[in-house]
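For what it's worth, UniProt numbering labels the leading residue of the sequence shown as 1, then goes sequentially. Okay, structure first, notes after.
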Amino acid sequence: MDALGQICSAALQQYLAHADARGLDTIAALQHANLDPAHIQKPDTRIHGQHFQTLLHALIEQSGDPLFGLHTSEFVQPGSYNVMGYIAMSASTLQQALSKVSLYEKLVGDMGTTQTTLDAHQAAIRWDCLYREQPARQHLIDNVLGSWVRYARWLTGNDQLAPDQVWLEHPTPPAAQVDEYRRVFLCDVLFEQPCSALVGPPQLLQQPIRQPDPLLLSTLEAHAIQQLNQLGVDTNLSQRVKQCIQDAIGHSLPRKETVAERLGMNVRTLHRRLADEQQSWQKLLDSVRLQQARHLLTTTSLPQADIAAALGYSDIRSFQRSFKRHTTMTPGQYRNTPKDTQINS
1 MDALGQICSA ALQQYLAHAD ARGLDTIAAL QHANLDPAHI QKPDTRIHGQ HFQTLLHALI
61 EQSGDPLFGL HTSEFVQPGS YNVMGYIAMS ASTLQQALSK VSLYEKLVGD MGTTQTTLDA
121 HQAAIRWDCL YREQPARQHL IDNVLGSWVR YARWLTGNDQ LAPDQVWLEH PTPPAAQVDE
181 YRRVFLCDVL FEQPCSALVG PPQLLQQPIR QPDPLLLSTL EAHAIQQLNQ LGVDTNLSQR
241 VKQCIQDAIG HSLPRKETVA ERLGMNVRTL HRRLADEQQS WQKLLDSVRL QQARHLLTTT
301 SLPQADIAAA LGYSDIRSFQ RSFKRHTTMT PGQYRNTPKD TQINS
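So, in structure tokens, the structure goes:
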């Protein structure tokens, strides 16, 4: 099994389109990566991640462009994301489109995972790249965040749409490269950050999408779930309930009745089917709250009272008791613990 998993060939096309536009020898790069040019034209073809990384390194080296990944974002289109791109087109708002990413991003590939954190003041859309080797890692992060912003502009018809800040884990580059990042993102770009993310006001996610189509959305999601099942990716109810909880947290405490209705069942059926998976509503709610709390404690300076409110706790003491029960640490202790230790807490 390839340690880097797989990638859908459709996701390669951005990189190859940019390389062709720059006059690079893409055939040589594909041959170097042991990839058949005809084979990768089939959009549902799955490619080994190691071959993709080899291709990416070859294109970066040929280009001599330290911002090759950032510049590939110019070529994003719906097909770049497999069926997930068309699901986003059919959603009603950016937030609804984004809520689908975590569910279906495995259709695009195993390059990384997306996490959205919301509170009353800030929305952070974080992408954790699973590729460790440089320069592929940096260029993948630049491509993904740049593509998100460009695709969101296209979905909303707003060419000036931008987050307040972009966070990048990369070392700070020369000033001319910083300016280029700002040109693409139309906002401040901060380097050497604890994670790579788009950060802005929660209202940004309420931007309407130009042509929502609820009926088509339902059809496309059914197709996406079928594709995930064919790939052997878990699409159980627990995962979908967690996603619904994540979508709601930051606005109000999610209600099981609302989630059950969204999933097309009543509360009794929801409880029964979760029990069949050895899960419960409370366990899933606690899991999402803990994940969000960890993120807010390590990446923001929000007071604990604000975090408690954002996560739907009745008061700060309830939040502190719950956090300590799950981690054996108080929120304050966790916030002051070195990052490597936090991962295992």
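In this text, a Cβ means the ideal position worked out from N, Cα and C, and glycines have one as well.
Assign residue i to one of two classes, buried (16 or more other C-beta atoms within 10 Å of its C-beta) or exposed (fewer than that).
{"i": "S63", "result": "buried"}
{"i": "R210", "result": "exposed"}
{"i": "A28", "result": "exposed"}
{"i": "T117", "result": "buried"}
{"i": "P37", "result": "exposed"}
{"i": "D276", "result": "exposed"}
{"i": "T258", "result": "exposed"}
Distance, Cα to Cα, residue i vs residue j?
{"i": "Q122", "j": "R150", "result": "20 angstroms"}
{"i": "D306", "j": "R22", "result": "49 angstroms"}
{"i": "D20", "j": "N34", "result": "19 angstroms"}
{"i": "L284", "j": "V233", "result": "19 angstroms"}
{"i": "T300", "j": "R294", "result": "10 angstroms"}
{"i": "L311", "j": "I245", "result": "10 angstroms"}
{"i": "Q53", "j": "D315", "result": "47 angstroms"}
{"i": "L130", "j": "L4", "result": "7 angstroms"}
{"i": "P43", "j": "R335", "result": "44 angstroms"}
{"i": "Q14", "j": "T114", "result": "20 angstroms"}
{"i": "S90", "j": "K106", "result": "19 angstroms"}
Quick one: what's got a C-beta closer than 7 angstroms to residue i's C-beta in the same chain, skipping five residues either side?
{"i": "R255", "result": "none"}
{"i": "S280", "result": "L274"}
Output needed for residue i: all residues of its chain with C-beta closer than 6 angstroms, excluding positions within five of it in sequence on either side, in chain order.
{"i": "A88", "result": "A97"}
{"i": "T328", "result": "none"}
{"i": "N344", "result": "Since pLDDT at N344 reaches only 41, below the 50 mark, its modelled position is unreliable, and the value read off the structure follows with that caveat. If we look at N344 and ignore the five residues flanking it on each side, it has no Cβ neighbours."}
{"i": "R137", "result": "C129 and Y131"}
Do residue j and residue i count as a contact pair if the criterion is CB distance below 8 angstroms?
{"i": "H139", "j": "F68", "result": "yes"}
{"i": "N143", "j": "V108", "result": "no"}
{"i": "V288", "j": "K242", "result": "yes"}
{"i": "G157", "j": "S73", "result": "no"}
{"i": "L198", "j": "P173", "result": "no"}
{"i": "P331", "j": "Q304", "result": "yes"}
Less than 8 angstroms between C-beta atoms, sequence neighbours within five positions excluded: which residues of the same chain meet that for residue i?
{"i": "D286", "result": "S322 and H326"}
{"i": "Q41", "result": "S9"}
Cβ-heavy atom distance between residue i and the ligand HEM below 7 angstroms?
{"i": "G312", "result": "In terms of ligand content, the structure shown is empty, and the ligand HEM therefore cannot be addressed."}
**Cβ contact check for the region 96-116 and the region 56-73: 3 or more pairs under 8 angstroms** = no
**Prompt:** Are there three or more Cβ pairs, one per stretch, closer than 8 angstroms when the region 216-226 is compared with the region 189-201?
**Reply:** no
**Message:** For the region 170-179 against the region 43-52, do three or more pairs of beta-carbon atoms, one drawn from each stretch, fall closer than 8 angstroms, so that the two count as touching?
**Reply:** no
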